[in-house]
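J.:
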Amino acid sequence: MAHYRSVGDVPPKRHTQHRDEQGNLYYEELMGEEGFSSDSSLLYHRNIPSAIADAKVWDLGEMSTVPNHPLLPRHLKLHDLEFGGADVVTGRRLVLGNGDVRLLYVVADTPSPYYRNAIGDEVVYLERGGARVETVFGSFEVGQGDYVVVPRATTHRWVPRVEGDEGYAEPLRAYVIEGNSHIGPPKRYLSRYGQLLEHAPYCERDLRGPDGPLLAEDTGADREQPTDVYVKHRGGGERSTGGLVGTVYTYPYHPFDVVGWDGCLYPYVFNVSDFEPITGRVHQPPPVHQVFEGTNFVVCNFVPRKVDYHPLSIPVPYYHSNVDSDEIMFYVDGDYEARKGSGIGKGSISVHPGGHAHGPQPGATEKSIGVDYFDELAVMVDTFRPLELGEAGREVDDGRYAGSWGRGLAPGGAQSGEGEIFSTS
């Protein structure tokens, strides 16, 4: 986002000579969006950033998707997915995806390789645990409730905090939103120059920039050691890989060689606890909960908040038809008044597809009357093109959620609650 920072050693004027104490020229790199027409930063490298010593294929694993057909609301139980010795980058499993965005999940306990996503920006939400995120711009310490926003083509890696590290008793659980576009604050909350406005639910003070610069020797690495960087990029078959392929570049030096940078494009962190909920006398629509947006999708968060205070208000949502979008809710913490009785709990994802009218579970509307506070935390992604099921989503679909508003019948006559009712494929 357009919030200028200058970090480390940069020259007084851009595109001019910048040398070290021995007189060696630093190599200036412009990292910019939309072909020199949008936000950018200038980074000053010790080495030529284009130099690679080798390249090989990176197998991204199972990235295929299948349509949500027949069209069904679904309950995906992410905590039932199995992980072992995974890292945040290569251990991600695809839950849902389309041509605009992919939703993935990982439980990680090992450091990731160095990585860059050359397709789009990423937002990684930390459900549990913590990590040190090292980037070419600098580093972050991140923990529960943090959104880590990583611009396209940013070289970085994840080093999870493990059990025994001070303050970390749980493994790192990460919900990953990979865009095929840039991701930033909603435009309606920004001035024409990019400043967050007074009615926005958060501001620049709530954002954490990287501590840096971060050089190879600061991480205990050899600055001249050849280093692999995993790159996710375009070029695959749409159905088989979602249009994604991977390459591993070997650089003749460590990629953390930036002595300084300045500009408006860099990774940042925002904690969900700093989101100030917008409330009203009657129930407010989901856009008031929006925190980020990308091309053809938005990201919202539902945080603990006071709810509607009209004397005749109904705090839970009214039934609604998503005629233009699929609604994906990831339930993180608290009690979910509208979903009670459905089986949904912490670690669940609900899939409410466009074309299906959805709303509170039976009885939830009446029970919510008189409630003045919701203790819930959830991350929602709404997409404007249909989402398809990835391998992880297919594996943990409970097969019963679509019948939770009534008496769903399986072909053999089993009622809701008596086993799988609806097919997961």
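By our numbering, the letter at position 418 of the sequence shown is numbered 449, and the numbering carries on one by one without gaps.
Idealized CB from N, CA, C, for every residue including glycine.
Note that the structure is a prediction, hence the values are computed from the model and not measured.
(1) Hey, quick one: how far does the beta strand (DSSP E) through Ser399 stretch, first residue to last?
(2) Output the distance between the C-alpha atoms of Glu52 and Gly251, rounded to the nearest integer angstrom.
(3) Would you call the stretch 90-109 and the stretch 419-430 touching, i.e. three or more CB-CB distances under 8 Å?
(4) Give me the residue from Glu201, Asp259 and Glu368 with the minimum Cα distance to Val193.
(5) For Leu203 versus Arg159, is the C-beta spacing smaller than 8 Å?
(6) When you compare only the Cα positions, how much space is there between Gly169 and Ala84?
(7) For Leu408, is the classification buried or exposed, using 16 other Cβ atoms within 10 angstroms of its Cβ as the cut-off for buried?
(8) At a cut of 8 Å, does the stretch 52-68 reach the stretch 330-349 through at least three beta carbon pairs?
(9) Give the DSSP bridge partners of Met360, in chain order.
(10) Once you ignore the five residues that flank Pro308 on each side, which residues in its own chain have a CB closer than 6 Å to its CB?
(11) Does the Cβ-Cβ distance between Ser352 and Asp413 come in under 8 Å?
(12) Under a Cβ-count criterion, where at least 16 other Cβ atoms within 10 Å of its own Cβ denotes burial, should Pro286 be classed as buried or exposed?
(13) CA-CA distance, Cys295 and Pro43?
(14) Helix, strand or coil for Val303? Go by DSSP, reduced to three states.
(15) Short check: CB of Glu368 to CB of Ala395, under 8 Å?
(16) Give me the residue from Ser381, Glu397, Asp131 and Tyr178 with the minimum Cα distance to Gly424.
(17) Quick one: residues in its chain with C-beta nearer than 6 Å to the C-beta of Pro30, no 5 flanking neighbours on either side, listed in chain order?
(18) Between Arg50 and Val181, what straight-line distance do the alpha-carbon atoms span, to the nearest angstrom?
(19) Across which residues does DSSP place Gln321 in a beta bridge pair?
(20) In angstroms with no decimal places, state the Cα-to-Cα distance between Glu93 and Phe114.
(21) Report buried or exposed for Pro384, applying the criterion of at least 16 other Cβ atoms within 10 angstroms of its Cβ.
(22) State yes or no: is the C-beta of Glu52 nearer than 7 Å to some heavy atom of the ligand NAD?
(23) Return helix, strand or coil for Asp249, following the three-state DSSP convention.
(24) Within 10 angstroms of its Cβ, does Asp339 collect 16 or more other Cβ (buried), or is it exposed?
(25) Report the option in Arg431, His341, Gly374 and Phe415 whose CA atom is closest to the CA atom of Ile487.
(26) Report buried or exposed for Val319, applying the criterion of at least 16 other Cβ atoms within 10 angstroms of its Cβ.
(27) In this structure, what does DSSP give as the bridge partners for Arg223?
(28) So, is Tyr156 buried or exposed, given that buried needs 16 or more other C-beta atoms within 10 angstroms?
(29) Per DSSP, what are the beta-bridge partners of Leu203 in this structure?
(30) Pick helix, strand or coil for Gly54, following the three-state DSSP scheme.
(31) Measure from the alpha carbon of Ala139 to the alpha carbon of each residue in Asp152, Gly128 and Gly122, then state which is nearest.
(32) Which of helix, strand or coil does DSSP assign to His110?
(33) Can you tell me whether Lys263 is buried or exposed? The criterion is at least 16 other CB atoms within 10 Å of its CB, across all chains shown.
(34) Given this structure, state the Cα-to-Cα distance separating Gly151 from Gly266, to the nearest angstrom.
(35) From this set, Gln321, Gly176 and Val179, which residue's C-alpha is nearest Pro232's C-alpha?
(36) Who are the near neighbours of Tyr206 in its chain, counting only those whose CB is closer than 7 Å to its CB and skipping five residues on each side?
T.: Straight from the coordinates:
(1) Per DSSP, Ser399 belongs to no beta strand (DSSP E); it is in the alpha helix (DSSP H), Ala395 to Ser399.
(2) 23 Å
(3) yes
(4) Glu201
(5) yes
(6) The straight-line gap from Cα to Cα measures roughly 24 Å.
(7) buried
(8) These segments do not touch.
(9) Beta-bridge pairing links Met360 to Ser381 and Met411.
(10) Val334 and Arg336
(11) At least 8 Å separates the beta-carbon of Ser352 from that of Asp413.
(12) buried
(13) 17 Å
(14) helix
(15) yes
(16) Ser381
(17) Since the first residue of the chain shown is 32 and the last is 456, residue 30 is not available in this structure.
(18) Arg50 and Val181: Cα-Cα distance of roughly 29 Å.
(19) Cys331
(20) 15 Å
(21) buried
(22) The model depicted lacks the ligand NAD and carries no ligand whatsoever.
(23) helix
(24) buried
(25) Because the chain spans 32 through 456 in this model, residue 487 falls outside it and cannot be assessed.
(26) exposed
(27) Paired residue(s): none; Arg223 is not in a bridge.
(28) buried
(29) Ala139
(30) coil
(31) Gly122
(32) helix
(33) Lys263 comes out buried.
(34) 14 Å
(35) Gln321
(36) Tyr136, Tyr156, Glu158, Phe361 and Val410
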